[in-house]
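I have placed the structure first, in the form of structure tokens, so that the comments after it can refer back to it.
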Amino acid sequence: MIGFALLLFPFLLLGFVLLMQRVEEPLSSIAVERQIEQFLDDASPEELDTFVREGTDSALSRFRARLGIARLRRGWRKASH
């Protein structure tokens, strides 16, 4: 019985991974849509120009970098007061 369970375990694990991949795909596409929506609302003119010239990947990476720097600055200001 234990031998059968040992032989069956890799297939059950593979099935679980495939199932979780199907669950994750719609969630990740929704997250990207929200990020693009936020980008279009809050982007600077330079970031919008990058979006038009280079596409979404480059523009979103610059936008995320700017947001990260702004968050670090806000955190640093709060810590210094």
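Residues in the sequence shown are numbered consecutively from 59, following the numbering used here.
Idealized CB from N, CA, C, for every residue including glycine.
Candidates the options: closest to residue i by CA position
i, options, result
"residue 123", "61, 97, 111 and 107", "97"
"residue 95", "109, 82 and 78", "109"
"residue 100", "125, 80, 114 and 79", "125"
Residue i (DSSP reduced to helix, strand or coil)
i, result
"residue 113", "coil"
"residue 59", "coil"
The alpha helix (DSSP H) enclosing residue i, as first and last residue numbers
i, result
"residue 101", "Here residue 101 belongs to no alpha helix (DSSP H), and DSSP marks it neither H nor E."
Stretch-stretch touch, CB-based, cutoff 8 angstroms, three pairs: the segment 112-122 with the segment 87-101: Short answer: they touch.
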